[in-house]
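Take 3 as the starting number for the sequence shown in my numbering and just add one per residue.
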Amino acid sequence: MTPTFDKIHLKFKLNDNTYGAEELKEVAYSLVKEGADYERVMGDFLLDWLDSKDYINVKTSGSTGKPKLMKVSKQAMVNSAIATGNYFSMEPGQAALLCLPTHYIAGKMMLVRAMILGLELDFVDPTSQPVFDYGKTYDFCAMIPLQLENTVGYIYNIKTLIIGGATISKPLEDAIQGLETKIYATYGMTETVSHVAVKAMNGEHKMAHFEVFPNVSISQDDRGCLVIDAPKVAPEPLVTNDVVKLHSASEFELMGRVDHIINSGGVKLFPEQIEAKLSNHIKERFFMAPEQDVTLGEKLILILESDTNTLDPSVFDSLEKFEVPKEIYTVSKFKETSTGKIQRKETLKFLKNDVL
């Protein structure tokens with residue numbers, strides 16, 4: 003029988019303490035009244051989860067536009083938790099670590115998974131370098147790439163780690179090879195109630211492409227963008243702006259966002275693919291973008307998070323001729339979401355006001 007949102011698993015624990023619904027409400031009230039900022043947000047979510055409504059309002063990350071509130075079905079969140087639990091063979095009583103902020107769906111879902119699947123959840127301050135019990139074994143944890151980068155030497159006690167919120171860079175991918183921790187990139191969004199696909203990034207089961215969960219179907223629209231049909235978490239098929247290459251009925255490769263494609267002299271360029279080629283050669287954060295050009299229509303430019311735009315020309319040796327940027331601009335600090343994802347459009351607006 004499928005669990006429902008109004009029931010809390012008997013084996014659920016929060017920071018080593020067992021709570022039923024009424025006791026958890028008291029904890030939530032205490033967090034709201036006396037907790038640190040991140041704990042107050044967690045308390046607010048728990049109170050929303052434990053009320054009589056069958057939905058909650060969730061804020062989107064704002065990576066592709068202004069953050070907005072979405073009404074999300076609590077049962078859809080339960081179904082998402084079960085799908086993750088099934089995929090990773092999670093069992094009641096296993097230990098999990100919450101080090102993400104609970105403002106957004108990823109952090110909220112860690113709490114839901116614990117309450118529904120009966121996990122023993124520890125929570126810590128969700129900083130960019132979270133500090134947790136390095137002597138305790140955790141079966142499951144979720145992080146953003148920046149957190150993984152800052153704790154890569156301390157995750158030996160985490161068995162399974164999922165990464166979302168932004169792309170895992172090539173240098174970071176190289177750094178996690180050989181680790182015993184099984185690390186997965188995830189694909190999903192608020193509209194799909196967290197992830198609906200994963201990609202093993204290290205170990206003997208490392209994957210070349212994303213694999214969707216059971217009960218999720220994928221296709222493409224006429225733009226080549228991914229269409230997700232996941233009835234257990236979303237009432238209608240979701241048309242994304244992510245251009246993909248389908249490798250099977252359940253596997254896809256991300257090419258880039260359709261709104262990022264640059265048409266330069268009739269050649270379609272995917273910034274994300276060019277960035278992947280350069281990621282091992284440029285130590286600063288950067289991204290590719292278009293700039294209007296009389297001859298080409300759009301020309302490719304590189305935006306560098308740095309105080310100087312001096313790059314050795316050899317960093318572009320791995321690129322095709324048409325992939326080499328025509329200009330290099332610098333910004334001292336990129337605009338970004340709270341999860342560390344670069345806000346390209348907002349950064350470009352700042353750049354245009356300041357430089358272009």
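C-beta atoms are modelled at their ideal positions from N, C-alpha and C, and glycine is treated no differently. Remember, it's a predicted structure, so these values are computed and weren't measured experimentally.
Query	Result
Beta carbon of I359 nearer than 8 Å to that of A144	Residue 359 lies beyond the stretch modelled for the chain, which goes from 3 to 358, so this question has no answer here.
Assigned secondary structure, P132 (DSSP; H/G/I helix, E/B strand, else coil)	coil
Segment contact flag, the stretch 79 to 93 with the stretch 192 to 211, C-beta cutoff 8 Å, min 3 pairs	yes
C-beta contact flag for A168 and K328 at 8 Å	no
I185 versus K323: straight-line alpha-carbon distance, rounded	35 Å
Check whether T183 and I164 have beta carbons under 8 Å apart	no
CA nearest to the CA of T242, picked from F272, G190, S54	G190
Continuous beta strand (DSSP E) assignments of at least 3 residues falling wholly in the stretch 278 to 347	288 to 295, 299 to 307, 329 to 333
DSSP beta-bridge partners of C143	L99, L163
One or two residues paired with T188 in a DSSP bridge	V200
Beta carbon of I178 nearer than 8 Å to that of M209	no
CA-to-CA distance, M72 to D23, given in whole angstroms	With the sequence shown as reference, residue 23 is identified as Ala, and Asp is not the correct amino acid for it. Distance between the alpha carbons of A23 and M72 is about 25 Å.
Where L148 sits in the DSSP three-state scheme	helix
Three or more C-beta pairs below 8 Å linking the stretch 260 to 277 and the stretch 297 to 305	yes
For Q131 and M290, the rounded distance between their alpha carbons	27 Å
Among K279, P273, L228, nearest to F359 - alpha-carbon criterion	In this structure the chain extends from 3 to 358, so residue 359 is not present and cannot be described.
Range of the contiguous alpha helix (DSSP H) that encloses N59	Element bounds for N59: not the alpha helix (DSSP H) but the beta strand (DSSP E), 57 to 61.
For R225, the three-state DSSP class (helix, strand or coil)	coil
For H262, the nearest candidate out of P273, K335, S252 (CA to CA)	P273
Secondary structure of G258, DSSP reduced to three states	strand
Between the CA atoms of S320 and G258 - distance to the nearest angstrom	19 Å
Member of K13, S54, V34 whose CA lies at the smallest distance from the CA of G45	V34
Reduced DSSP secondary structure (H/G/I, E/B, other) of N17	coil
Spatial distance of L100 from V296 (CA atoms)	51 Å
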